[in-house]
Amino acid sequence: MNRLEVIMVSIADVAKKSHVSKMTVSRVLNHPEQVSPEISDVVQRAINELGYVQQRAGRALATSRTYTVAFVMLDEVSNVDPYFGQLITYVSDYLYQEGYNLELHRSLNDHFYDIDGILVSGARAKDQAKLNALPFPLVAYGNQPEIASVDVDNKLGTMLAKEHLIASGYQHLIYLGIDLDEQFALERLNGFKAIDTSEHVTETIYQLPNSDKEARDFFNSLTVPPLTGVVTASDRLALGTLYSCYDKGLIVPNDVGIVGFDGIFINHLSPLNLTTIAQPLQQIAQTMVQTLLTAINSNHQTLNPSVIPPTLLQGETTTQLAD
Numbered sequence: 001m002n003r004l005e006v007i008m009v010s011i012a013d014v015a016k017k018s019h020v021s022k023m024t025v026s027r028v029l030n031h032p033e034q035v036s037p038e039i040s041d042v043v044q045r046a047i048n049e050l051g052y053v054q055q056r057a058g059r060a061l062a063t064s065r066t067y068t069v070a071f072v073m074l075d076e077v078s079n080v081d082p083y084f085g086q087l088i089t090y091v092s093d094y095l096y097q098e099g100y101n102l103e104l105h106r107s108l109n110d111h112f113y114d115i116d117g118i119l120v121s122g123a124r125a126k127d128q129a130k131l132n133a134l135p136f137p138l139v140a141y142g143n144q145p146e147i148a149s150v151d152v153d154n155k156l157g158t159m160l161a162k163e164h165l166i167a168s169g170y171q172h173l174i175y176l177g178i179d180l181d182e183q184f185a186l187e188r189l190n191g192f193k194a195i196d197t198s199e200h201v202t203e204t205i206y207q208l209p210n211s212d213k214e215a216r217d218f219f220n221s222l223t224v225p226p227l228t229g230v231v232t233a234s235d236r237l238a239l240g241t242l243y244s245c246y247d248k249g250l251i252v253p254n255d256v257g258i259v260g261f262d263g264i265f266i267n268h269l270s271p272l273n274l275t276t277i278a279q280p281l282q283q284i285a286q287t288m289v290q291t292l293l294t295a296i297n298s299n300h301q302t303l304n305p306s307v308i309p310p311t312l313l314q315g316e317t318t319t320q321l322a323d
């Protein structure tokens with residue numbers, strides 16, 4: 001195979017030769033445990049025949065790029081929700097489709113060598129100066145000033161949750177927010193506040209650490225009347241609220257309705273599938289990768305945030321109450 005042919009090989013060529021999707025090829029490359037041995041063998045044969053591995057090195061030599069992207073996860077390990085693992089999986093898959101490797105980092109103080117750009121999650125206001133000083137194209141998961149970012153519409157999410165509870169007939173609304181001075185927490189609180197209630201519906205707002213134990217203990221301390229609807233700022237808080245209802249002998253969803261926020265993994269671990277505001281993580285990951293690669297290819301960093309609407313995922317913790 002001559003040098004020109006090596007450079008022209010792409011993941012799409014491997015997919016075509018293997019008669020599978022590009023996503024399947026990237027899974028074989030990055031997450032082989034998620035692919036059957038039969039399909040993996042077919043894809044690996046195509047990779048070997050087409051010289052796809054050599055193709056990445058050839059492109060790097062031709063363009064002075066490394067075809068490597070760093071993903072920096074700044075969140076404390078104890079506070080990392082399971083959906084971050086799913087996000088990284090999607091990001092890795094989309095990068096592989098474009099011929100890029102992914103490096104995982106835990107700090108902005110790391111020395112970044114041989115990378116073309118950076119994706120970051122869990123950035124806080126205190127990280128702003130370090131982010132601005134990075135000499136690479138950069139995209140953040142979560143709204144950040146002066147930085148290209150991709151985020152779910154947090155305000156819309158809690159608006160949808162509150163509207164759902166009102167339309168379902170719950171009359172005493174409670175908001176359990178995350179006690180954190182960060183933009184996403186404020187937007188979720190503002191979304192709950194943005195929906196007006198009738199004079200027959202009461203509402204109360206509380207702020208808690210993002211912990212199912214904290215939510216369980218706190219909700220246990222409340223007097224909860226029938227037809228209470230709870231909007232929580234995370235599925236962790238929703239899970240704790242659900243267990244508190246069991247502690248109190250309250251029936252979910254008839255006595256208490258609960259809506260979480262995130263819709264990844266935790267909502268399926270509870271005794272009842274949570275009704276939740278689902279973040280479209282696959283779309284978020286794809287947009288992050290597209291935004292970063294556009295910046296890399298054009299040498300121009302856009303600062304316009306991308307905001308993606310969430311959806312309400314109906315579970316077993318809310319129901320349409322009788323009039």
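Residues 1 to 323 in the UniProt record's numbering are what the sequence shown spells out, letter by letter. C-beta atoms are modelled at their ideal positions from N, C-alpha and C, and glycine is treated no differently. A quick note: this is a predicted structure, and the numbers were derived from the prediction, not measured.
Stretch-stretch touch, CB-based, cutoff 8 Å, three pairs: the segment 142-160 with the segment 192-203: The segment 142-160 vs the segment 192-203: in contact.
Cβ shell of residue 140 (< 6 Å), same chain only, five flanking positions each side left out: Translated into the one-based positions of the sequence shown, residue 140 becomes position 140. So the list reads 120, 123, 147 and 149, once near-sequence residues are dropped.
Residue 188 versus residue 229 - alpha carbon distance: Your numbering for residue 188 matches position 188 in the sequence shown. Your numbering for residue 229 matches position 229 in the sequence shown. C-alpha separation (whole angstroms): 16 Å.
Neighbourhood of residue 211 by C-beta distance below 6 Å, restricted to the same chain and skipping five residues each side: Locating residue 211 in the sequence shown gives position 211, where the first residue counts as 1. The answer is none, since no qualifying residue turns up.
C-beta neighbour in chain C for residue 158, strict 8 Å: This model lacks chain C altogether; it includes just one protein chain.
Close beta carbons around residue 29, own chain, < 6 Å, minus the five adjacent residues each side: Translated into positions along the sequence shown, residue 29 becomes position 29. The residues 96, in chain order, have a CB closer than 6 Å to that of residue 29 in the same chain once the five nearest residues on each side in sequence are set aside.
Separation of residue 288 from residue 216, as counted between CA atoms: Residue numbering aside, residue 216 sits at position 216 when the sequence shown is read from its first letter. Residue numbering aside, residue 288 sits at position 288 when the sequence shown is read from its first letter. Using only the alpha carbons, I get a separation of about 35 Å.
Contacts around residue 253, its chain only, beta-carbon distance under 6 Å, and the 5 residues preceding and following it disregarded: Taking the sequence shown and counting its residues from 1, one reaches residue 253 at position 253. Around residue 253: 317, 318 and 319.
Selected residue, minimal CA-CA separation from residue 152, among 278, 23 and 299: Position 152 of the sequence shown holds residue 152. The shortest Cα separation from residue 152 among 278, 23 and 299 belongs to 278.
C-beta atoms of residue 118 and residue 138 nearer than 8 Å: Against the sequence shown, residue 118 aligns to sequence position 118. Against the sequence shown, residue 138 aligns to sequence position 138. In contact: residue 118 and residue 138 (Cβ atoms closer than 8 Å).
Where residue 207 sits in the DSSP three-state scheme: Against the sequence shown, residue 207 aligns to sequence position 207. In this structure, residue 207 counts as strand in the three-state DSSP scheme.
Check whether residue 72 and residue 108 have beta carbons under 8 Å apart: Stepping through the sequence shown from its first residue, residue 72 is reached at position 72. Stepping through the sequence shown from its first residue, residue 108 is reached at position 108. Yes, they are a contact pair.
Own chain residues within Cβ distance below 6 Å of residue 45, not counting five before or after: Numbered from its first residue, the sequence shown carries residue 45 at position 45. Result list for residue 45: empty, nothing under 6 Å.
Own chain partners of residue 170 with C-beta closer than 6 Å, once the 5 adjacent residues on each side are dropped: To locate residue 170, count along the sequence shown from 1; it is residue 170. Contacts found: 227, 229 and 257.
Euclidean distance between Cα positions of residue 204 and residue 165: Locating residue 204 in the sequence shown gives position 204, where the first residue counts as 1. Locating residue 165 in the sequence shown gives position 165, where the first residue counts as 1. Cα to Cα, the separation comes out at about 14 Å.
DSSP beta-bridge partners of residue 73: Here residue 73 is taken as the residue at index 73 of the sequence shown, counted from 1. DSSP output for residue 73 lists 121 as bridge partner(s).
Inside the segment 274-319 only - beta strand (DSSP E) runs reaching at least 3 residues: Within the segment 274-319, the beta strand (DSSP E) runs of at least 3 residues that lie entirely inside it are, in chain order, 275-278, 306-308 and 311-313.
Residue 332 and residue 234 closer than 8 Å at C-beta: For the chain, the structure presents residues 1 to 323; residue 332 sits outside this window and is missing.
Within 8 Å, strictly: CB atoms of residue 206 and residue 177: If you number the sequence shown from 1, residue 206 lands on position 206. If you number the sequence shown from 1, residue 177 lands on position 177. In this structure, residue 206 sits near residue 177, with a CB-CB distance shorter than 8 Å.
Selection from 38, 247, 135 and 262 that minimises the alpha carbon distance to residue 300: Here residue 300 refers to the residue found at position 300 when the sequence shown is read from its first residue. Nearest C-alpha to residue 300 among 38, 247, 135 and 262: 135.
Cut-off 6 Å between Cβ atoms - residues of its own chain near residue 104, not counting five sequence neighbours on either side: The residue labelled residue 104 in the question sits at position 104 within the sequence shown. Closer than 6 Å at the Cβ level, and outside the excluded window around residue 104, lie 71.
Beta-carbon gap between residue 112 and residue 142 smaller than 8 Å: Position 112 of the sequence shown, counting from 1, holds the residue named residue 112. Position 142 of the sequence shown, counting from 1, holds the residue named residue 142. Between residue 112 and residue 142, the C-beta spacing is not below 8 Å.
Sheet register partners of residue 261 (DSSP bridge): By one-based count along the sequence shown, residue 261 stands at place 261. For residue 261, which the question treats as bridged, DSSP gives the partners 277.
Cβ-Cβ separation, residue 20 to residue 39 (assumed contact under 8 Å), whole Å: The residue labelled residue 39 in the question sits at position 39 within the sequence shown. The residue labelled residue 20 in the question sits at position 20 within the sequence shown. About 6 Å; that satisfies the 8 Å criterion.
Pair within 8 Å by beta-carbon distance, residue 269 and residue 315: Position 269 of the sequence shown holds residue 269. Position 315 of the sequence shown holds residue 315. Contact flag unset, no.
Separation of residue 298 from residue 173, as counted between CA atoms: Sequence index remark: in the sequence shown, residue 173 carries index 173 (1-based). Sequence index remark: in the sequence shown, residue 298 carries index 298 (1-based). Just so you know, the alpha carbons of residue 173 and residue 298 end up roughly 49 Å apart.
Residue range of the alpha helix (DSSP H) that includes residue 246: Residue mapping note: residue 246 aligns to position 246 of the sequence shown, counting from 1. Residues 235-248.
Beta-carbon gap between residue 83 and residue 262 smaller than 8 Å: Taking the sequence shown and counting its residues from 1, the one referred to as residue 83 is at position 83. Taking the sequence shown and counting its residues from 1, the one referred to as residue 262 is at position 262. In this structure, residue 262 lies closer than 8 Å to residue 83 by Cβ.
Local Cβ density within 10 Å of residue 251, reported as buried at 16 or more and exposed below that: Counting from 1 along the sequence shown, the entry for residue 251 is found at position 251. With fewer than 16 Cβ atoms within 10 Å of its Cβ, residue 251 is classed as exposed.
Top-ranked residue by Cα proximity to residue 200, from 293, 167, 92 and 208: Translated into positions along the sequence shown, residue 200 becomes position 200. The closest CA to that of residue 200, considering only 293, 167, 92 and 208, is found on 167.
Which residues DSSP lists as bridging residue 189, in chain order: Here residue 189 refers to the residue found at position 189 when the sequence shown is read from its first residue. Paired residues: none, contrary to the question.
Contact set for residue 286: own chain, Cβ-Cβ below 6 Å, skip 5 residues either direction: Position 286 of the sequence shown, counted from the first residue, corresponds to residue 286. Taken in chain order, the residues that qualify are 94.
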